[in-house]
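Count along the sequence shown starting at 1, add 197, and that's the number in this note's numbering.
Idealized CB from N, CA, C, for every residue including glycine.
Report on one structure; see the data block that follows.
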Amino acid sequence: MFDEKAIGSLVDKVAKKKPRRVFLQYPEGLKLSIFDISEKLERLGAEVFISCDPCFGSCDMKDLEAKALGCDLLVHIGHTEMKLPRKTAVPAIYEDYRIDIDPTHLLDEHIQALGPCESICLVTTAQYISAIEPAKRFLEEHGKKVYVGQPSLAKHPGQILGCDHSAAEPFDNMVDCFLFLGTGRFHPLGLAAKVKKTVLVLDFETSVLENMNSERDMMVRIKTMQIEKAKEMKRFGVLVSTKPGQSHPGTAEKVKKRLKGKGKDARILVMDQITPEKILGMKIDALVNCSCPRLSEDFRQFKKPILDPEDVDRL
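Here it is as structure tokens:
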């Protein structure tokens with residue numbers, strides 16, 4: 198939940214814009230705070246329109262919907278700003294959600310396990326970005342060479358997204374391992390799929406230091422199986438999202454052309470939130486994901502092979 202200090206900071210930012218009508222967007226985890234936030238914004242004299250659609254990141258800005266409703270400000274809560282392919286249709290304020298945590302006590306517990314890693318690249322997600330500096334300082338004090346990269350799409354040094362691992366990838370040949378600080382599997386597994394070196398996770402919920410190598414190997418085996426199945430398929434759906442940070446129509450056109458060059462029938466399928474239910478009844482044998490990488494991780498929901506654009510060359 199957002200605490201009073203965070204809400205006060207947000208209200209101050211909105212007050213400076215003097216909006217007449219505000220479109221409020223937030224992730225599922227902050228739903229309990231949203232009425233309190235909207236009430237305080239309305240005290241500024243603005244009408245607040247609360248979005249009830251799922252929100253998966255700053256790639257998922259509902260700025261066109263905000264404009265259609267006559268809103269003159271979009272308030273996007275819970276994520277940091279990222280570089281989008283276009284300017285938002287209405288002015289936007291980003292209020293990210295931070296969890297302040299000092300990771301040094303956990304690092305101290307696991308420092309021996311980090312022994313083989315003389316050089317380390319640190320990464321995390323937006324909510325734990327404050328853990329980067331104390332972790333870097335602690336590891337350097339224990340003789341480690343520590344790298345923190347600047348991302349191309351994300352906002353903060355060391356920050357990775359599901360679609361942006363640029364804070365880490367350039368260091369693959371320079372470090373012994375990558376150390377993810379935070380919680381969850383999606384982000385560290387996504388990184389493990391992009392780099393050759395070991396990805397370790399210092400989990401703030403379980404206090405465990407975990408190696409992603411076995412799960413990466415499993416991902417490779419599953420991907421190989423899906424590609425082998427897809428080789429026998431004839432009809433392909435190329436998935437495109439209309440979410441501004443997930444929309445890659447040019448990539449979809451190239452994928453369709455490559456599929457046709459391999460003798461496949463391909464159609465570009467467009468939707469906002471991509472779900473299996475929306476393609477039920479369509480005569481499609483396999484899918485190529487040109488949207489959020491998380492879709493490829495959730496392949497079991499689609500009950501058919503779902504490939505990434507680079508996999509098409511292996512068909």
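Burial is judged here by how many other beta carbons sit within 10 angstroms of a residue's own beta carbon; His273 has at least 16 and is buried. Distance between Phe377 and Pro490, taken at the CA atoms: about 18 angstroms. Measuring C-alpha to C-alpha distances from Lys341 to each of Glu315, Tyr294, Gly460 and Ala212 identifies Glu315 as the nearest.
Of the candidates Lys480, Ser444 and Glu429, the residue whose Cα lies closest to the Cα of Lys459 is Glu429. In this chain, the beta strand (DSSP E) harbouring Ala483 covers Ala483 to Asn486.
Taking a contact as a CB-CB distance under 8 angstroms, the pair Glu412 and Lys352 does not count as one, their CB atoms being some 28 angstroms apart. Annotated three-state conformation of His353 is coil, per DSSP. Classified as buried, Cys318 has 16 or more neighbouring CB atoms from the shown chains inside 10 Å of its CB. Assigned with DSSP and collapsed to three states, Cys318 falls in strand. In the structure shown, the three-state DSSP call for Gly275 is coil. Here the C-alpha atom of Thr439 lies approximately 19 angstroms from the C-alpha atom of Phe433. Scanning its chain for C-beta atoms nearer than 6 angstroms, with the 5 sequence neighbours on each side dropped, one finds around Gly254 the residues His276, in chain order. In the DSSP annotation of this structure, the continuous segment of the beta strand (DSSP E) that includes Val398 starts and ends at Thr395 to Asp400.
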